[in-house]
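Data first, discussion second: the structure below is written as structure tokens.
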Amino acid sequence: MQPNKGFIRRKPIESALGLSFLSVYYLAPATEVPPLTPAGSANPAVTPADVCWFASVMLNKSSFTTLIVGVFIVYVLHTCWVMYGIVYTKPCDRHSSNCILPYLSRRPKLQLSVYTTTRSTISAENSIDLVLNVNDFDVDSKFERTVNVSVPKKTRNNGTLYAYIFLHHEGVLPWHDGKQVHVVSPLTTYMIPKPEEINLITGETTTQQIESGKKDTTALDDPVSHWRSRLTLNVMVEDFIFDGSSLPSDVHRYMKMIQLGKSVHYLPILFIDQLSNRVKDLMMINRSTTELPLTLSYDKISLGKLRFWIHMQDSVYSLQQFGFSEKDADEVKGIFVDTNLYFLALTFFVATFHLLFDFLAFKNDISFWKKKKNMVGMSTKGVLWRCFSTIVIFLFLLDEQTSLLVLIPAGVGAVIEIWKVKKALKITIEWKWLKPILKFGAHSASEKKTEAYDTQAMKYLSYLLYPLCIGGAVYSLLNIRYKSWYSWLINSFVNGVYAFGFLFMLPQLFVNFKMKSVAHLPWKAFTYKAFNTFIDDIFAFIITMPTSHRLACFRDDVVFLIYLYQRWLYPVDKSRINEFGESYEEKPKRKPHLD
7 MQPNKGFIRR KPIESALGLS FLSVYYLAPA TEVPPLTPAG SANPAVTPAD VCWFASVMLN
67 KSSFTTLIVG VFIVYVLHTC WVMYGIVYTK PCDRHSSNCI LPYLSRRPKL QLSVYTTTRS
127 TISAENSIDL VLNVNDFDVD SKFERTVNVS VPKKTRNNGT LYAYIFLHHE GVLPWHDGKQ
187 VHVVSPLTTY MIPKPEEINL ITGETTTQQI ESGKKDTTAL DDPVSHWRSR LTLNVMVEDF
247 IFDGSSLPSD VHRYMKMIQL GKSVHYLPIL FIDQLSNRVK DLMMINRSTT ELPLTLSYDK
307 ISLGKLRFWI HMQDSVYSLQ QFGFSEKDAD EVKGIFVDTN LYFLALTFFV ATFHLLFDFL
367 AFKNDISFWK KKKNMVGMST KGVLWRCFST IVIFLFLLDE QTSLLVLIPA GVGAVIEIWK
427 VKKALKITIE WKWLKPILKF GAHSASEKKT EAYDTQAMKY LSYLLYPLCI GGAVYSLLNI
487 RYKSWYSWLI NSFVNGVYAF GFLFMLPQLF VNFKMKSVAH LPWKAFTYKA FNTFIDDIFA
547 FIITMPTSHR LACFRDDVVF LIYLYQRWLY PVDKSRINEF GESYEEKPKR KPHLD
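In terms of the numbering used here, the sequence shown is residues 7 to 601.
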């Protein structure tokens, strides 16, 4: 029997590998493909012609969303394959002549020595200072020690101080040991100091201090030398046998090989964890300071983690080459250093879905507002509030020098909200002698009815909102220090947005209640945003951001739950209104047909 056109058909497609069949749903034209059933089989078999027919239908019916989801799946699989290639290294076959053996398998007695110098290269011991010496060094034992380092005058005058870490045989000076390995790390970096914060009423200030000396007065825009107070060391302790013909390029540059008899050995791989160098551990160097503390941490590391860490360090370095500041790169470091690796893997998996939902929400939101012709059932004041709040949040994040990972999406969101206001108010721009003139479109009777509900809700809301915002601004002015009056103003606005911003979503809920409908809302975009809201709860504990911005992530959870409740309370009646509000449009009456 021939099915009607446009009906949804279901066709089981049996796997050629003998797996359970996959039921694929699709819209098909009114052409029926006769099932080819071999003898003794209850399910239809798949022929090449059937597969080609199915592929053609799927290609014809594919949408942009399907394409994006497909690209997303390919990206996830490719990333998993790349990560597997990073953490897994194929060992050498012991019968091969290209094997490179670990020198640590001989269990030599080692010594760890740490020196400091203002020179980038050293050739003799008379130009360096010994700050730490660990005899009978055990590569499997974790330790952390704090030492005081003398700061030369050259370093105090914005110079650089280097740390040389040697791993050598016990009882032998490093430069006399042919089997020593060493790494070099700068103990200073250049960074713009954080501006002073003052109480705008009393004038009381807070200043950065290092040890007992106060910082010098410098231009805030000039980078000055800062002290890295932590240094993290690692040694790869696995007795791993490398294949000389296929050495991983990431590890190869850290390896030093020697010939012992007929076999080649690689010396201990000493590694400095640059990802552990955080901005929060930096101290600005004062010209009167002669000594500064340095905390040295050591821990063993596996080959897989070493390779992963090398790739992450290279990625952070690439970000800095593309213009990311030290603070922006530090936000990325915090994701890897301050998070458990297993939780980090889960976070990466969730972040890929966040990226997908973000894009789909953006696409559907833009599509919804692009097709929207009226504001029936939509709170205009809610749109204006979202525009104002996103701009304030963007300026606040900019004033707080937040990471670009948070700042860029906030800026894009502000631009989109401005465009929505233009659509909601039906604003058109006409140019007259290079002077822009704004014109507002007329509203229909249905839109005026919605506007009346919106105004009524805002009237009740203002009795609660304005006193809270003004009281919070006065309290912060009296008790909290700020960099400037502008900083106080932006912080007061953003605190009002974060603390009471959800109240401005009440007018839309009130309009929904009065109209007994939620069909006018962009539910596709809302669905994707709802997923991202709960994903943001995870990132709120990982990415460094202001506390108020973190709390706002959890506030959005409550708002979406209320919308979902209204969705359940007021089922969508498509005969009344669709997602673009087209049912409420006032159409001109047709003239009666004269026979």
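We treat Cβ as the ideally placed atom computed from N, Cα and C, and that holds for glycine. The structure displayed is predicted, hence computed values, not measured ones.
In this structure, the straight-line span from the alpha carbon of leucine 237 to that of isoleucine 435 is close to 58 Å. Taking a cut-off of 8 Å for Cβ pairs, the region 241 to 251 and the region 91 to 98 touch, as three or more such pairs fall below it. Cysteine 98: not part of any alpha helix (DSSP H); DSSP gives it neither H nor E. Secondary structure of arginine 112 (DSSP, three-state): helix.
Here valine 178 carries a coil assignment [DSSP, helix/strand/coil].
In the structure shown, the three-state DSSP call for phenylalanine 246 is coil. Scanning the region 332 to 414 from its first residue to its last, the whole alpha helix (DSSP H) runs of 4-plus residues come out as 332 to 343, 347 to 377 and 386 to 405. In the DSSP assignment, serine 321 falls within the alpha helix (DSSP H) that extends over 309 to 327. By the Cβ-count criterion, asparagine 380 is buried, with 16 or more other Cβ atoms from all chains shown falling within 10 Å of its own Cβ. Going by beta carbons, serine 385 and aspartate 460 fall inside the 8 Å limit. Judged by DSSP secondary structure, histidine 258 falls within the alpha helix (DSSP H) whose first and last residues are 255 to 258. Short of 6 Å from the beta carbon of cysteine 105, and not among the five residues preceding or following it, lie these beta carbons of its own chain, in chain order: Cys98 and Ile247. Counting along the chain, the unbroken beta strand (DSSP E) around histidine 271 starts and ends at 269 to 272. The alpha-carbon separation between methionine 197 and glutamate 332 amounts to approximately 7 Å. In terms of Cβ geometry, lysine 311 and aspartate 146 do not form a close pair [threshold 8 Å]. Linking lysine 465 to leucine 193 through their CA atoms gives a straight-line distance of about 60 Å. In terms of Cα proximity to valine 153, the closest of Val137, Gly165, Asp245 and Tyr168 is Val137. Excluding sequence positions up to five before and after aspartate 228, its CB lies within less than 8 Å of the CB of Ile198, all in the same chain and listed in chain order. Taking C-alpha positions only, arginine 112 is separated from leucine 361 by approximately 49 Å. If you draw a straight line from the Cα of serine 303 to the Cα of glutamate 150, it is about 4 Å long. Of the other Cβ atoms in all chains shown, fewer than 16 fall within 10 Å of the Cβ of arginine 259; this residue is therefore exposed. Boundaries of the beta strand (DSSP E) harbouring tyrosine 196: 194 to 197, taken from the DSSP string. The beta-carbon distance between leucine 403 and leucine 413, rounded to whole angstroms, is 5 Å. This is short enough to meet the 8 Å contact definition. Residue state for tryptophan 574 is assigned as helix, using DSSP reduced to three classes.
When rounded, the separation of the alpha-carbon atoms in tyrosine 481 and glutamine 407 is 24 Å. Threonine 295 sits in coil when the DSSP states are folded into three classes, being neither helix nor strand. A residue is called buried once 16 or more other Cβ atoms fall within 10 Å of its Cβ, and threonine 396 is buried on that count.
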